[in-house]
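Structure, as structure tokens:
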Amino acid sequence: MSSPSMLQKLPLHVVQILVGFVVDSCRSEWGDINTYAKEYVVLLRPLLWVCRNTRAVALSLYCSYYNLDIVDMVFNMGGETEHLLPYPRTLGYPTHELAKTMYILVDDESICAGHALQSLSLLPYGGYTFPKVRTVDIYMLVGGLDVDSRTDSAVAEANISAFIQWIRNAVPLVNKIRVRPRFSDTEVVATGSYYGSLISQLFQLADRVKYGHSQQNNVQVELQLDNINNLVHITYDFDGDIGQFIQLARQNSQTLECLVLEYGADADLCRLIRDVGGGLVTFPHLQILKMNGISGLPPSPRPIFPGAVPFPSLQIISNNAYYAFGDDTLFRGNAATLRDLELTVDRFTVAMIRRYRVFAPDSHPKLQCVAIRVLGDGNHSDVFATAAEYIRFTLDISPRVATLVFETGFSCGEFLSQLTLRENYAYIQNLTIQFTQLTFVDVITLIKSLPLLSVLCARYPVIGPIPNDVAIVNLPAFVCAEYAPIGMRFRYWRLSYYMGLAEEFEAAVCVLMLAFVCPNFDFVIPTSLVVKSFKAQLEQVIGVWRVEEHEPRLRRLVTHLPQVF
4 MSSPSMLQKL PLHVVQILVG FVVDSCRSEW GDINTYAKEY VVLLRPLLWV
54 CRNTRAVALS LYCSYYNLDI VDMVFNMGGE TEHLLPYPRT LGYPTHELAK
104 TMYILVDDES ICAGHALQSL SLLPYGGYTF PKVRTVDIYM LVGGLDVDSR
154 TDSAVAEANI SAFIQWIRNA VPLVNKIRVR PRFSDTEVVA TGSYYGSLIS
204 QLFQLADRVK YGHSQQNNVQ VELQLDNINN LVHITYDFDG DIGQFIQLAR
254 QNSQTLECLV LEYGADADLC RLIRDVGGGL VTFPHLQILK MNGISGLPPS
304 PRPIFPGAVP FPSLQIISNN AYYAFGDDTL FRGNAATLRD LELTVDRFTV
354 AMIRRYRVFA PDSHPKLQCV AIRVLGDGNH SDVFATAAEY IRFTLDISPR
404 VATLVFETGF SCGEFLSQLT LRENYAYIQN LTIQFTQLTF VDVITLIKSL
454 PLLSVLCARY PVIGPIPNDV AIVNLPAFVC AEYAPIGMRF RYWRLSYYMG
504 LAEEFEAAVC VLMLAFVCPN FDFVIPTSLV VKSFKAQLEQ VIGVWRVEEH
554 EPRLRRLVTH LPQVF
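Read in order, the letters of the sequence shown correspond to residues 4 to 568 in our numbering.
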């Protein structure tokens with residue numbers, strides 16, 4: 004009996020075992036994936052013609068292994084795209100008609116920094132359809148790529164749209180789309196805005212397929228995040244269901260060091276630290292927790308998690324929450340490690356901090372940066388009755404704080420009169436004041452009252468009141484006689500909230516006047532949109548003043564302006 008006839012009479016599962024053994028015995032000799040693919044085809048090709056059983060096994064093995072595994076399929080437009088589609092042609096069978104599952108790797112660098120596709124026909128396999136494919140697995144290569152400086156949002160959105168259109172055309176009977184992160188650094192999950200955009204459009208595609216003319220009524224789009232362990236950094240910034248990412252954070256709680264959760268629907272601290280069984284999840288190594296748009300804990304007359312210490316190692320807390328913190332769970336056990344605190348408060352949060360004495364005197368020895376924002380539109384009356392109360396609450400958190408951020412709706416005079424009263428404020432080195440417009444005299448008052456102040460971030464200033472007999476051309480002599488020298492440490496002034504050319508001109512005058520009285524004032528940083536026009540305003544004022552002995556110092560401010568490309 005010939006070998007072919009023997010194989011044909013054997014049960015199919017036995018032939019599968021025999022062929023599988025031959026394939027496995029050769030695998031270690033094949034090396035890289037491209038060689039593997041070619042050798043795989045070479046090995047399988049003769050089996051097509053041995054008998055019906057071996058042909059079935061060869062095709063089954065091929066489709067089982069490849070399932071149309073396409074690498075850099077869509078967005079690598081440099082002509083170097085690698086894929087496995089040609090190999091089955093050597094078997095005499097068109098793979099696009101055999102494949103039941105499609106695997107696609109999408110590189111976020113190519114999406115964001117590549118070139119917009121001009122036509123769907125330019126895509127690899129742009130003219131193919133895959134009639135048997137029901138499942139599309141999309142692997143997003145995310146994390147570890149620095150594409151910010153090269154990102155073109157129009158290109159990215161165009162490419163994502165082209166990709167979605169290609170799936171719609173090429174896989175008409177798809178009923179499951181799975182989006183899975185695939186990491187260049189296995190310790191990082193970075194789900195950026197383009198990842199979110201892709202997911203959003205995939206959900207829209209599912210809706211179209213579900214309710215459209217195709218009559219497919221059970222299309223699923225799901226994120227596959229199971230069995231991803233030992234992560235140290237998770238970032239989520241997609242406005243959608245955050246539930247799976249909360250679960251991902253919990254399953255990596257023992258290794259996680261940085262967690263950034265932004266804009267997640269129905270996300271709060273309770274969901275993060277309470278597991279599905281009701282037990283408490285502890286994050287022993289978490290150092291950075293940023294929650295923007297994420298709820299805190301609801302107001303409660305008693306502790307929600309009594310005695311729990313879920314975040315014992317926190318160094319940085321950044322929270323711009325929609326809702327308050329109802330108890331002190333977030334702050335327990337990390338007083339000795341906390342360095343930076345950015346907190347959005349309402350009256351419930353303020354009451355909780357006072358009730359639990361979260362920031363008792365000398366309780367946070369390392370806390371150096373404090374930013375307290377009031378929930379809402381800047382109207383603080385529901386939370387702090389006066390500027391004095393607002394400032395006292397902020398400074399009492401850490402009297403020796405070096406970096407302080409105020410977002411105040413109080414009047415400038417009331418605010419500054421309180422800020423410059425207490426001796427403890429003398430430790431402030433970096434100060435940010437939003438929503439309050441300063442005059443030149445206000446800035447002088449701050450610098451005099453805060454001897455260590457080196458960096459000020461405030462909106463564009465106005466010149467303010469000056470004696471009637473002082474013309475603008477004589478301002479240098481006036482400020483030198485009236486104020487100089489002060490602020491030996493003051494070096495940086497970051498301007499914000501640009502309003503118009505008139506305000507820009509006054510800001511230029513104020514900045515240059517400050518250069519006369521602060522010997523080490525070197526840097527002024529305007530908002531990025533007006534760097535060129537602000538430079539022109541500085542040059543104009545310097546030309547009007549014509550103060551040769553001070554011109555090098557004034558020119559230094561101009562040369563240190565940020566570069567605009």
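Cβ coordinates follow ideal geometry from the N, Cα and C atoms, glycine included.
On a Cα-Cα basis, can you pick out the residue from the options that is closest to residue i?
{"i": "Val353", "options": "Val377, His367, Arg335, Pro134", "result": "Val377"}
{"i": "Arg357", "options": "Val373, Pro368, Asp330", "result": "Asp330"}
{"i": "Leu419", "options": "Val404, Thr389, Arg403, Thr132", "result": "Thr389"}
{"i": "Cys483", "options": "Ile375, Thr340, Ala518", "result": "Ala518"}
{"i": "Gly310", "options": "Leu333, Leu289, Ile237", "result": "Leu333"}
{"i": "Asp140", "options": "Ala173, Lys179, Ala161", "result": "Lys179"}
{"i": "Tyr486", "options": "Pro464, Trp496, Met516", "result": "Met516"}
{"i": "Tyr393", "options": "Leu370, Thr406, Glu417", "result": "Glu417"}
{"i": "Arg277", "options": "Asn295, Glu260, Ser256", "result": "Ser256"}
{"i": "Ala391", "options": "Arg558, Ser414, Lys369", "result": "Ser414"}
{"i": "Phe396", "options": "Val361, Pro287, Pro313", "result": "Val361"}
{"i": "Ser499", "options": "Ile489, Pro464, Pro488, Glu509", "result": "Pro464"}
{"i": "Lys369", "options": "Asp349, Asn337, Tyr359", "result": "Asn337"}
{"i": "Ile436", "options": "Trp496, Arg559, Ile466", "result": "Trp496"}
{"i": "Gly467", "options": "Asn523, Phe481, Glu509", "result": "Glu509"}
{"i": "Ala539", "options": "Leu272, Leu564, Leu434, Arg462", "result": "Leu564"}
Taking only the alpha-carbon atoms, compute the straight-line gap between residue i and residue j and give it to the nearest angstrom.
{"i": "Gln11", "j": "Val284", "result": "58 angstroms"}
{"i": "Asn233", "j": "Pro315", "result": "19 angstroms"}
{"i": "His553", "j": "Val408", "result": "33 angstroms"}
{"i": "Leu398", "j": "Gln543", "result": "41 angstroms"}
{"i": "Arg549", "j": "Val444", "result": "23 angstroms"}
{"i": "Thr411", "j": "Phe438", "result": "6 angstroms"}
{"i": "Phe493", "j": "Lys451", "result": "10 angstroms"}
{"i": "Ile319", "j": "Cys372", "result": "9 angstroms"}
{"i": "Met80", "j": "Lys535", "result": "With a pLDDT of 33 at Met80, under the threshold of 50, the modelled position of that residue is not reliable, and the figure given next carries that caveat. Spanning the two alpha carbons is a distance of roughly 36 angstroms."}
{"i": "Val235", "j": "Ile307", "result": "27 angstroms"}
{"i": "Tyr430", "j": "Val404", "result": "6 angstroms"}
{"i": "Ala374", "j": "Ala165", "result": "43 angstroms"}
{"i": "Arg181", "j": "Arg137", "result": "11 angstroms"}
{"i": "Ile545", "j": "Phe526", "result": "16 angstroms"}
{"i": "Thr530", "j": "Arg171", "result": "43 angstroms"}
{"i": "Leu344", "j": "Leu441", "result": "25 angstroms"}
{"i": "Val279", "j": "Gln250", "result": "9 angstroms"}
{"i": "Asn322", "j": "Ile469", "result": "41 angstroms"}
{"i": "Leu341", "j": "Phe387", "result": "25 angstroms"}
{"i": "Thr448", "j": "Tyr428", "result": "13 angstroms"}
{"i": "Ser122", "j": "Gly23", "result": "Since pLDDT at Ser122 reaches only 48, below the 50 mark, its modelled position is unreliable, and the value read off the structure follows with that caveat. If you take the alpha carbons of Ser122 and Gly23, they lie about 42 angstroms apart."}
{"i": "Val547", "j": "Val512", "result": "11 angstroms"}
{"i": "Val17", "j": "Thr104", "result": "26 angstroms"}
{"i": "Ser401", "j": "Arg253", "result": "31 angstroms"}
{"i": "Val263", "j": "Asn295", "result": "8 angstroms"}
{"i": "Ser457", "j": "Leu560", "result": "15 angstroms"}
{"i": "Met491", "j": "Pro313", "result": "44 angstroms"}
{"i": "Asp647", "j": "Ala339", "result": "Coverage of the chain is limited to positions 4 through 568, which leaves residue 647 absent and any answer about it impossible."}
{"i": "Met9", "j": "Thr258", "result": "56 angstroms"}
Under DSSP, the beta strand (DSSP E) around residue i begins and ends at which residues?
{"i": "Lys293", "result": "291–295"}
{"i": "Gln437", "result": "433–437"}
{"i": "Glu345", "result": "343–348"}
{"i": "Ile375", "result": "372–377"}
{"i": "Val544", "result": "No beta strand (DSSP E) holds Val544; the alpha helix (DSSP H) holding it covers 534–548."}
{"i": "Ile475", "result": "Neither: Ile475 is in no beta strand (DSSP E) and is coded neither H nor E."}
{"i": "Tyr458", "result": "Note on residue identity: the sequence assigns Val, not Tyr, to residue 458. Run containing Val458: 458–462, per the beta strand (DSSP E) assignment."}
{"i": "Leu498", "result": "495–499"}
{"i": "Leu407", "result": "406–410"}
{"i": "Ile320", "result": "319–323"}
Could you tell me the boundaries of the alpha helix (DSSP H) in which residue i lies?
{"i": "Ser366", "result": "Unbroken run through Ser366: none, as it is neither H nor E."}
{"i": "Val53", "result": "That residue, Val53, is in no alpha helix (DSSP H); it is neither H nor E in DSSP."}
{"i": "Thr562", "result": "554–562"}
{"i": "Thr397", "result": "390–400"}
{"i": "Ile450", "result": "443–452"}
{"i": "Leu176", "result": "Leu176 -> no alpha helix (DSSP H), and no H or E assigned at all."}
{"i": "Val520", "result": "504–520"}
{"i": "Ser420", "result": "415–422"}
{"i": "Ile276", "result": "272–276"}
Between the segment 491–508 and the segment 472–481, do at least 3 Cβ pairs fall closer than 8 angstroms?
Contact fails: fewer than three Cβ-Cβ distances are below 8 angstroms.
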